[in-house]
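In the working numbering, the protein residues as written are 8 to 397.
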Amino acid sequence: MNLLAEPDEPEVGAEAVPALAGIDTPTLTVVAEGEPLERLLGEMVRRKASDLLLLPGAPPVLRVDGRLGALAQPAVDTETVRMLFANHLGPRTRQALAETGCADLSLRYGETADDDGGWRLRVNLQRQRGGLAAAVRALPRRIAALAELGLPARLADLTRAAKGLILICGPTGSGKTTTLAALLDSLNRSEVRHVITIEDPIEYVHANRRCIFEQVEVGTDSPSFAHALRSALRRDPDVILVGEMRDLETIATAVTAAETGHLILATLHSSDVGQAVHRIVDVFPAAQQTQIRHQLALSLHAVLCQQLVPRADGRGRVPAVELLLATYAVRNTIRNGAIERLPNEMLTSRGLGMRLLELSLAELVAAGTITAEEARARAVRPDELARLLR
8 MNLLAEPDEP
18 EVGAEAVPAL
28 AGIDTPTLTV
38 VAEGEPLERL
48 LGEMVRRKAS
58 DLLLLPGAPP
68 VLRVDGRLGA
78 LAQPAVDTET
88 VRMLFANHLG
98 PRTRQALAET
108 GCADLSLRYG
118 ETADDDGGWR
128 LRVNLQRQRG
138 GLAAAVRALP
148 RRIAALAELG
158 LPARLADLTR
168 AAKGLILICG
178 PTGSGKTTTL
188 AALLDSLNRS
198 EVRHVITIED
208 PIEYVHANRR
218 CIFEQVEVGT
228 DSPSFAHALR
238 SALRRDPDVI
248 LVGEMRDLET
258 IATAVTAAET
268 GHLILATLHS
278 SDVGQAVHRI
288 VDVFPAAQQT
298 QIRHQLALSL
308 HAVLCQQLVP
318 RADGRGRVPA
328 VELLLATYAV
338 RNTIRNGAIE
348 RLPNEMLTSR
358 GLGMRLLELS
368 LAELVAAGTI
378 TAEEARARAV
388 RPDELARLLR
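In structure tokens form, the structure reads like this:
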């Protein structure tokens, strides 16, 4: 039963898709050689930074491996920020900035010798305290394999299912989108499926190999996740990726779609599997929560929670993961509302591949990959971690 009364592969920022009513289409421009912005982006690329922050009154700041660090450069001001991006603001972007105080645009930087298109970047401009700030996010250039990410290769088996809901969870910046891209890339190399991704923004561009991909960007191609998901269900998909389940309508539609024959992959901001289940159930009014628990028990396929932990040698970060598989016992636990018992189900089903986050952290400590201090800072169940570290 549906809980609701109503139940060509675009490139990021490309203007091939015409502007739609109520949708702001970000412009994509190329950063020319020699312009001031090029030097900052060059430093960003050289240091392998994920983000560049330009805030009036402060020097440029880069985020590298999750850590912020200021460049040894003078503080920027509003006029500097305006000048850096002036050549890349189209009429719609200027209008959005003037009317709403914020605007998004897409950039391409550094065409390379192998003609791979260089780097793609997403920029958000925001007025603050009468000034103008900018946040620049470097979008990934290639899709890494699960093994490259330090994730178990057997995770790829999750996407072999014909239907069900797979949740990839974790805090902001924990690599959820990267893991989803790796899962879809593995599927793309092994199965013939019609895949529709719904994202804000599109971070990884998937080429058609064995799968056929459609990639929809919220804000560019569709006004919302819920609208895009309803539309996707009319397009004969086998697999749908929902970049984020933010509201009741999107969650209800996704759960119903997973229950009725589609494989749905989605992300949630939650640190462990119990919290993920609670987040889905608690978004509904109390009168509907029993029904959504029953639907979730039927449709859930797996929940993967992950955190990125700094390596002990200071060379990047490594994932620590928690994995729940929807066994008969797990489905009954969810159906009965005994969410607090899920960790016990995972402990007793370790032989099936399930694992608590604390086991993953303890194994990384034992291997010398991370420090015990970092593990303790990220444990959801400190007593369990302490037991495993003895």
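Note that beta-carbon positions come from the ideal geometry of N, C-alpha and C, so glycine has one too.
Query                                                                                                                                                                          : Result
Grab me the residues of Arg70's own chain with a C-beta within less than 7 angstroms of its C-beta, minus the 5 sequence neighbours each way, in chain order.                  : Ala56, Ser57, Asp58
Cutting at 7 angstroms between CB atoms, please list the residues of its own chain near Gln80, excluding the five before and the five after it.                                : Pro66, Pro67
So Leu270 packs on Lys183, CB below 8 angstroms; how close in whole Å?                                                                                                         : Contact flag wrong, Cβ pair sits at about 17 angstroms.
Identify the residues that DSSP records as bridge partners of Phe220: which are they?                                                                                          : Val202
Name the two residues that bound the continuous alpha helix (DSSP H) containing Glu329.                                                                                        : Not the alpha helix (DSSP H): Glu329 falls in the beta strand (DSSP E), residues 324-332.
Between the C-alpha atoms of Val290 and Val249, what's the straight-line distance to the nearest angstrom?                                                                     : 17 angstroms
Measure the C-alpha to C-alpha separation of Ala214 and Ala374 and round it to an integer number of angstroms.                                                                 : 37 angstroms
Going by DSSP, what residue range makes up the alpha helix (DSSP H) through Arg373?                                                                                            : Checking the sequence, you will find Ala at residue 373 rather than Arg. Its alpha helix (DSSP H) spans residues 364-373.
Are the Cβ atoms of Ala189 and Ala140 separated by less than 8 angstroms?                                                                                                      : no
Assuming Ile203 and Ala239 are in contact, meaning their beta carbons sit under 8 angstroms apart, how far apart are those beta carbons, in whole angstroms?                   : 4 angstroms
Check Ala110 in the structure and name its three-state DSSP category.                                                                                                          : strand
Ignore the nearest five residues each way along the sequence and tell me which others in Gly29's own chain have a CB closer than 6 angstroms to its CB.                        : Any reading at Gly29 must be qualified, since the residue scores a pLDDT of 41, below 50, and its modelled position is unreliable; the value itself is stated next. Pro230, listed in sequence order.
State the start and end residues of the unbroken alpha helix (DSSP H) segment that holds Thr257.                                                                               : 255-266
Which partner residues of Asp58 appear in the DSSP bridge assignment?                                                                                                          : Arg70, Arg144
Identify whether Pro317 lies in helix, strand or coil by the three-state DSSP scheme.                                                                                          : strand
Just to confirm my understanding: we take Asp192, look at its own chain, exclude 5 residues before and 5 after, and list those with CB closer than 6 angstroms. What are they? : Ile150
Taking the Cβ atom as the reference point for each residue, do Cys218 and Arg200 lie within a distance shorter than 8 angstroms?                                               : yes
Who are the near neighbours of Glu380 in its chain, counting only those whose CB is closer than 6 angstroms to its CB and skipping five residues on each side?                 : none
Look at the alpha carbon of Gln314 and the alpha carbon of Leu44, and state the distance between them as a whole number of angstroms.                                          : 32 angstroms
If we count the other Cβ atoms within 10 Å of its Cβ and call it buried at 16 or more, is Thr274 buried or exposed?                                                            : buried
Looking only at DSSP bridge pairs, what is Gly76 linked to?                                                                                                                    : Leu69
Between the alpha carbons of Glu86 and Thr179, how many angstroms are there, rounded?                                                                                          : 31 angstroms
Pull the bridge partners of Gln135 from the DSSP assignment, please.                                                                                                           : Gly138
Specify, as a first and last residue, the run of the beta strand (DSSP E) that Thr274 falls within.                                                                            : 270-275
Go through its chain and collect everything with a Cβ distance to Arg161's Cβ below 7 angstroms, but skip five positions before and after it.                                  : Gly360
Between the C-alpha atoms of Glu198 and Glu221, what's the straight-line distance to the nearest angstrom?                                                                     : 16 angstroms
Take Val387 and list the residues in its own chain whose beta-carbon comes closer than 6 angstroms to its own, dropping the five residues that flank it on each side.          : Ser278, Asp279, Leu364
With H, G and I counted as helix, E and B as strand and the rest as coil, what does DSSP make of Arg241?                                                                       : coil
Below 7 angstroms CB to CB, which residues in the same chain sit around Arg324 once its five sequence neighbours on both sides are set aside?                                  : Asp72, Gly73, Leu315, Val316, Pro317, Arg318
Could you say which of Ile377, Asn351, Gly358, Leu114 lies nearest to Glu391 if we only look at CA atoms?                                                                      : Asn351
Tell me the start and end of each unbroken alpha helix (DSSP H) in the stretch 141-200 that is at least 4 residues and wholly inside, in chain order.                          : 183-195
Would you call the CB atoms of Glu256 and Val225 closer than 8 angstroms?                                                                                                      : no
How should Ala26 be labelled, buried or exposed, when 16 other C-beta atoms within 10 angstroms of its C-beta is the threshold for buried?                                     : With a pLDDT of 38 at Ala26, under the threshold of 50, the predicted position of this residue should be treated as unreliable, and no value is reported.
What number of angstroms, rounded off, separates the C-alpha of Leu236 from the C-alpha of Gly41?                                                                              : 42 angstroms
If I measure Cβ to Cβ from Leu396 and keep anything under 8 angstroms in the same chain, skipping five residues before and after, which residues do I get?                     : Ala369, Val372, Ala379, Ala382
Closer than 6 angstroms by C-beta to Ile299: which residues in its own chain qualify, once you throw out the five before and the five after it? Chain order, please.           : Val288, Phe291
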